[in-house]
Amino acid sequence: MSPQKEVFKEPIVRAETDRLKFPKLCPVCGAPSEEVMPLTVIPNQFQSLRPSLNYGTTPFGRGQRDSFSPMKKTFYVPVCEGHHYTDEGAGQYRSYCLVFDGLALSYLILASLAFGDELWRGVPVGPWFFFAVGIFVSFLIITYALFRPGPVEDAVKVVGFDGGLRHVWIQFKQEQYRDEFMKENAMTAELVKWVQRA
Ligand SMILES: [Zn+2]
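Counting from 666, one number per residue, gives the positions in the sequence shown under the numbering used here.
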């Protein structure tokens with residue numbers, strides 16, 4: 666693969682993984698932080714994952730990847746009480762959700778066949794097709810809600826790591842928070858405008 670340059674509009678932060686210190690502010694709203702939230706990322710994958718992700722339940726084979734790359738890093742991000750949440754519940758529901766998505770899809774396909782058949786035969790159309798569409802759409806919405814990144818992951822986005830895990834690139838949503846982070850890590854962090862992906 667050829668190296669890919671990714672340029673950011675707002676500068677992102679390159680920090681030393683081991684000496685990194687998060688400011689005692691909530692990255693989402695800037696309020697003084699009372700709680701700490703784990704943010705787990707797996708290096709090499711160049712993507713941030715949900716905190717306390719239940720490995721093996723997602724459709725992308727993350728469970729397998731995890732066993733191939735045991736290196737993962739958890740950052741503890743101070744957050745305010747309002748934005749503190751644990752992900753344990755959602756992690757469990759996510760696997761059920763996928764099963765129901767599949768069932769709803771099969772039901773939708775069957776109902777579409779019946780619908781087409783009724784149209785073709787010119788008999789009155791039963792309500793099942795519309796019922797199936799309704800169920801399928803509801804499950805899509807639930808799936809979206811369970812899988813979308815939380816506000817904290819959105820505010821502290823891990824862009825990537827270098828090979829030896831020595832540095833981490835983080836994109837902060839709040840400019841003010843980024844400034845505070847730079848103050849906390851003045852000796853080790855620097856602002857960068859782009860990264861090169863291997
Ligand atoms: Zn907050």
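Note that beta-carbon positions come from the ideal geometry of N, C-alpha and C, so glycine has one too. It should be emphasised that the depicted structure is a prediction, and the values quoted were computed from it without experimental measurement.
Thinking C-beta only, is residue j closer than 8 Å to residue i?
i	j	result
F780	F796	no
E700	V744	yes
F804	A769	yes
Y772	I800	yes
Spatial neighbours of residue i within its chain, please: CB distance less than 6 Å, with the 5 preceding and 5 following residues excluded, ordered by chain position.
i	result
R684	T853
P692	A820, V821 and Y842
W834	I677, R679, V824, G825 and V860
Alpha carbon to alpha carbon, how far is residue j from residue i? Give it in angstroms, no decimals.
i	j	result
V706	V802	31 Å
I677	G829	20 Å
M702	G815	12 Å
V790	C762	30 Å
F812	G747	20 Å
Taking buried to mean at least 16 other C-beta atoms within 10 Å of its own C-beta, is residue i buried or exposed?
i	result
I774	exposed
L856	exposed
Q669	exposed
Please work out which residues of its chain come closer than 7 Å, Cβ to Cβ, to residue i, disregarding the five sequence neighbours upstream and downstream, and give them in chain order.
i	result
E681	R831, H832 and T853
K689	P697, S698 and P743
K858	V672, F673 and P676
E783	V790 and G791
I807	C762
Spatial neighbours of residue i within its chain, please: CB distance less than 8 Å, with the 5 preceding and 5 following residues excluded, ordered by chain position.
i	result
Y741	F687, V701, M702, P703 and L704
Considering only heavy atoms of ligand 1, list every residue whose Cβ is less than 6 Å from one of them, following chain order.
-> C691, V693, C694, A696, V744, C745, G747 and H748
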